[in-house]
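Each protein sequence line maps, in turn, to chains A and B.
Counted from 1, the first sequence has number 107 at position 66 by the working numbering; the numbering is strictly sequential.
Counted from 1, the second sequence has number 21 at position 15 by the working numbering; the numbering is strictly sequential.
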Amino acid sequence: MKFLRRLAARIVGHAIRIFARAITAVRADWQGIEPVPRQRVYFANHTSNGDMPMIWAALPPALRREVRPVAAADYWLKNKLRAFVGPEVFNCVLVDRRPEVKDKPMDKIIAALDEGASLIIFPEGNRNMTDDPLLPFKAGLYNMGLARPDIDLVPTWVANLNEIMPKGEVIPLPLICTVTFGAPIHVEDGEDKDAFLARASDALVALAPEVTQ
Amino acid sequence: MSPTTVDILLLAFGSSGILIGLTFLGEVLRARQTPGTQNPVLETFMTRIQSWWGMVAFVGGALLLGKFGVMLLFAFCSFAALREFLTLTTKALADHKSLALAFFVVLPLQYVFVGMGWTGMYTVFIPVYAFLLLPIMSALRGNADRFLVRVAETQWALMIAVFCVSHVPALINLELGQSSDRSVLMIAFLVMVVQFGDLLEYFFGRRIGRRKIAPGLSPKTREGVFCGVISAMCIGALLHWITPFGILGAAGMAGVASFVGMLGSLVFAAIKRDRGVKDWSHLIPGQGGFVDQLDSVIFAAPIFYHLTAYFYG
Numbered sequence: 042m043k044f045l046r047r048l049a050a051r052i053v054g055h056a057i058r059i060f061a062r063a064i065t066a067v068r069a070d071w072q073g074i075e076p077v078p079r080q081r082v083y084f085a086n087h088t089s090n091g092d093m094p095m096i097w098a099a100l101p102p103a104l105r106r107e108v109r110p111v112a113a114a115d116y117w118l119k120n121k122l123r124a125f126v127g128p129e130v131f132n133c134v135l136v137d138r139r140p141e142v143k144d145k146p147m148d149k150i151i152a153a154l155d156e157g158a159s160l161i162i163f164p165e166g167n168r169n170m171t172d173d174p175l176l177p178f179k180a181g182l183y184n185m186g187l188a189r190p191d192i193d194l195v196p197t198w199v200a201n202l203n204e205i206m207p208k209g210e211v212i213p214l215p216l217i218c219t220v221t222f223g224a225p226i227h228v229e230d231g232e233d234k235d236a237f238l239a240r241a242s243d244a245l246v247a248l249a250p251e252v253t254q
Numbered sequence: 007m008s009p010t011t012v013d014i015l016l017l018a019f020g021s022s023g024i025l026i027g028l029t030f031l032g033e034v035l036r037a038r039q040t041p042g043t044q045n046p047v048l049e050t051f052m053t054r055i056q057s058w059w060g061m062v063a064f065v066g067g068a069l070l071l072g073k074f075g076v077m078l079l080f081a082f083c084s085f086a087a088l089r090e091f092l093t094l095t096t097k098a099l100a101d102h103k104s105l106a107l108a109f110f111v112v113l114p115l116q117y118v119f120v121g122m123g124w125t126g127m128y129t130v131f132i133p134v135y136a137f138l139l140l141p142i143m144s145a146l147r148g149n150a151d152r153f154l155v156r157v158a159e160t161q162w163a164l165m166i167a168v169f170c171v172s173h174v175p176a177l178i179n180l181e182l183g184q185s186s187d188r189s190v191l192m193i194a195f196l197v198m199v200v201q202f203g204d205l206l207e208y209f210f211g212r213r214i215g216r217r218k219i220a221p222g223l224s225p226k227t228r229e230g231v232f233c234g235v236i237s238a239m240c241i242g243a244l245l246h247w248i249t250p251f252g253i254l255g256a257a258g259m260a261g262v263a264s265f266v267g268m269l270g271s272l273v274f275a276a277i278k279r280d281r282g283v284k285d286w287s288h289l290i291p292g293q294g295g296f297v298d299q300l301d302s303v304i305f306a307a308p309i310f311y312h313l314t315a316y317f318y319g
């Protein structure tokens, strides 16, 4: 039974990747960083539910096997299908965002890092529905960088997804999606939280492709 | 084998022969380099040759499969071109439904009409029905911000990527006073004269080009375009046996198609410059996107279609 579930998870994973490629021709653009299997935290902008699968599909296979997206437990445990896809296909680290829960998100994230996994996180916390390029970052990224200073924090810009799959729409538009990975950053000695988060946010926005409209 | 199949195979072997020659030339140039160095122009050239191999294989295979294969191939080209185009146009959330309609209803229907040979429909479907319907869909969502820009750019994308591209396979439907399955060869004729004309225009432009046609927009020169069109005419005359045009007619049609195509690729250069991109996408190694590869064929196709229908139909 366990074997069958694992097999099903692999097949669904391939199907999701092929679907993402067929619709958006998703491409990874590595700027100032190489696609090599190092332990990394990819922090990305968040405009659509398709962001995480898109980054996942854009990563080369060796990196995809090692990566675990950090995602909200309330979303991924809502029904049986999601409970299969989130934890088993994407191998998500599920965190509970409710303040009354004992199980603190950061503990689970640090535990995953100590097991050697790379992570995908969305430091804005929620999907960005505004016209600003990014919402203010939550503290999580800083805490990770402080707790495990050797790990590369990689800014990851997902372009176009708010148009491909906006909130509330069912049919995805086939537009070309580029996932840009930038040079890694680290928390520097004595850098405080706000300064670091501002620097991380700038590094991420700098990757957004400029299309003059 | 029918005579048409034999002709398609001859064209495929001929093109393969030219590509083998070009690949060999590239390898000779590579071997003459100092070991360990790389010439970027040569490497680009070799990547392009590889993409050309792919093109010959796909177009040749589609022509051999007949009508269905041709429709499928060009419907896919339209899809890829429309995706590249709409990635760069102005749009709002209110356009989501009308853009989805463009991709998943308008595009397939256009190819169904072309496949059915329903001339009265496929020549007006996008310029009339889609033109009126899609703005209605967008207006119903009630967002007036940059409305005219949004609907105009979407319509332009559909005209270029679907309407114009679909006129290549539509050549099959022309009744040219010959046995009916030979119309498929008109596709090979159009694609070959336009693409080889482009290649030679590039070659001569680099060699002897001096006066630019549109400085600041494209490196195309008057000398390059002139030599390219003359070359296309020669190739057209050489290929006259697959057309109903006769030698002079084939040269004339090839010249017109090639010339219109080159001017068309200037238009695409202007759009790219306006949007601040170098290529339409990354999907064809060495060439950029599908629109980069097809740009001149896109402009030439409807003109070639209608001139052929008018003079030889």
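Cβ coordinates follow ideal geometry from the N, Cα and C atoms, glycine included.
Under 8 Å Cβ to Cβ from Asn179/B, same chain only, skipping five residues before and after it: list those, please. Val120, Gly123, Thr125 and Ser189, listed in sequence order.
Given Val231/B as reference, the closest of Arg217/B, Ile241/B, Gly242/B and Ala243/B once Cα atoms are compared: For the options Arg217/B, Ile241/B, Gly242/B and Ala243/B, the alpha carbon positioned closest to that of Val231/B is the one of Arg217/B.
Measure from the C-beta of Ala106/B to each C-beta in chain A and report whether the shortest distance is under 7 Å. Yes, Ala106/B counts as interfacial toward chain A.
So, Thr221/A versus Gln72/A, is the Cβ gap smaller than 7 Å? Between Thr221/A and Gln72/A, the CB-CB gap stays under 7 Å.
Rounded to a whole number of angstroms, what is the C-alpha to C-alpha distance between Phe84/A and Glu33/B? Their backbone Cα atoms lie some 44 Å apart in a straight line.
Check Val111/A in the structure and name its three-state DSSP category. Val111/A falls in the strand class under three-state DSSP.
Quick one: does Pro9/B have its CB under 7 Å from some CB of chain A? Chain A, which has no Cβ nearer than 7 Å to the Cβ of Pro9/B, makes this no.
If we cut at 7 Å on Cβ distances, does Pro156/B have a partner in chain A? Here residue 156/B is Arg; the residue named in the question, Pro, does not match the sequence. Arg156/B does not count as touching chain A.
So, for Tyr311/B: in the same chain, excluding its five sequence neighbours on each side, which residues have a beta-carbon less than 7 Å away from its beta-carbon? Counting only Cβ-Cβ distances below 7 Å, and skipping sequence neighbours, we find His173, Ala176 and Leu177.
With DSSP as the reference, label Ala275/B as helix, strand or coil. Looking at Ala275/B - three-state DSSP - the assignment turns out to be helix.
In the structure shown, what three-state DSSP assignment does Gln254/A receive? In this predicted model, Gln254/A has a pLDDT of only 45, less than 50, meaning its place in the structure is not dependable; the value taken from the coordinates is given anyway. Coil, per DSSP.
Under 7 Å between the Cβ atoms of Ser242/A and Phe178/A? Going by C-beta atoms, Ser242/A is nearer than 7 Å to Phe178/A.
Relative to the alpha-carbon of Ile236/B, which residue among Ile219/B, Pro141/B and Gly203/B has its alpha-carbon at the smallest distance? Distances from the CA of Ile236/B to each of Ile219/B, Pro141/B and Gly203/B were compared; the closest alpha carbon is that of Gly203/B.
Which residues in chain B sit within 9 Å of Arg68/A, going by Cβ to Cβ distance? Against chain B, the beta carbon of Arg68/A has neighbours under 9 Å at Ser287, His288 and Leu289, listed in chain order.
Who are the neighbours of Phe153/B on chain A, taking C-beta pairs under 7 Å? Result: empty, since nearest Cβ-Cβ is about 14 Å, beyond 7 Å.
C-alpha gap between Arg1/B and Lys278/B, whole angstroms: The first residue shown for chain B is 7 and the last is 319, placing residue 1/B beyond what the model contains.
Give the secondary structure of Lys284/B by DSSP, where H, G and I count as helix, E and B as strand, and everything else as coil. When secondary structure is reduced to three states using DSSP, Lys284/B falls in the coil class, being assigned neither helix nor strand.
Using the C-alpha atoms, what's the distance from Arg281/B back to Phe305/B? Approximately 20 Å between the Cα atoms of the pair.
Endpoints, the alpha helix (DSSP H) within which Ala204/B is located: The amino acid at residue 204/B is misidentified as Ala; the sequence shows Asp. Its alpha helix (DSSP H) spans residues Val190 to Ile214.
Per DSSP, what kind of secondary structure is Phe222/A in: helix, strand or coil? If DSSP states are grouped into helix, strand and coil, Phe222/A belongs with the strands.
Using a cut-off of 8 Å between C-beta atoms, extract the partners of Leu100/A located in chain B. When 8 Å is used as the limit between beta carbons, Leu100/A is near no residue of chain B, the shortest such separation being about 17 Å.
Taking the beta carbon of Lys145/A as the centre, do at least 16 other beta carbons fall within 10 Å, making it buried, or is it exposed? Classification for Lys145/A: exposed.
Nearest CA to the CA of Leu223/B: which residue from Leu245/B, Leu269/B, Glu229/B and Phe209/B? For Leu223/B, the closest alpha carbon among the candidates Leu245/B, Leu269/B, Glu229/B and Phe209/B is that of Leu269/B.
Determine, for His102/B, whether the minimum Cβ-Cβ distance to residues of chain C falls below 7 Å. The structure shown has no chain C; the protein chains it does contain are A and B.
Could you spell out where the alpha helix (DSSP H) holding Thr197/A opens and where it closes? Where Thr197/A is concerned, there is no enclosing alpha helix (DSSP H), although the beta strand (DSSP E) it sits in stretches over Asp193 to Val199.
Anything in chain A within Cβ reach of Lys97/B, meaning under 7 Å, just list it in chain order. Correct list: Glu204.
So, at 7 Å on beta carbons, what are the nonlocal neighbours of His227/A in its own chain, with the 5 sequence-adjacent residues on each side left out? Excluding residues within five positions, the ones whose Cβ falls inside 7 Å are Gly186, Pro190 and Leu194.
DSSP on Phe84/A, reduced to helix/strand/coil? Strand, per DSSP.
Buried or exposed by the 16-neighbour rule on C-beta atoms within 10 Å, applied to Trp286/B: Result: buried.
I need the DSSP call for Leu176/A, collapsed to helix, strand or coil. The answer is coil: DSSP assigns Leu176/A none of H, G, I, E or B.
Taking only beta carbons into account, state which residues of the stretch 81-93 of chain B come closer than 9 Å to chain A, listed in chain order. Per Cβ criterion, the list reads Phe85, Ala86, Leu88, Arg89, Glu90, Leu92 and Thr93.
For Thr253/A and Ala108/B, I'd like the C-alpha separation in whole angstroms. With a pLDDT of only 47 at Thr253/A, under the threshold of 50, the placement of this residue in the model should not be trusted; the figure read from the coordinates follows. Spanning the two alpha carbons is a distance of roughly 23 Å.
Since Arg156/B contacts Thr96/B with CB under 8 Å, what's their CB separation in whole angstroms? At roughly 5 Å, the Cβ-Cβ gap stays under 8 Å, so Arg156/B and Thr96/B are in contact.
So, are the CB atoms of Ser84/B and Leu113/B less than 7 Å apart? Yes, the Cβ-Cβ distance between Ser84/B and Leu113/B is below 7 Å.
Considering only residues of the same chain and omitting the five flanking positions on each side of Phe137/B, which have a CB-CB separation below 7 Å? Closer than 7 Å at Cβ, skipping near neighbours: Gln161.
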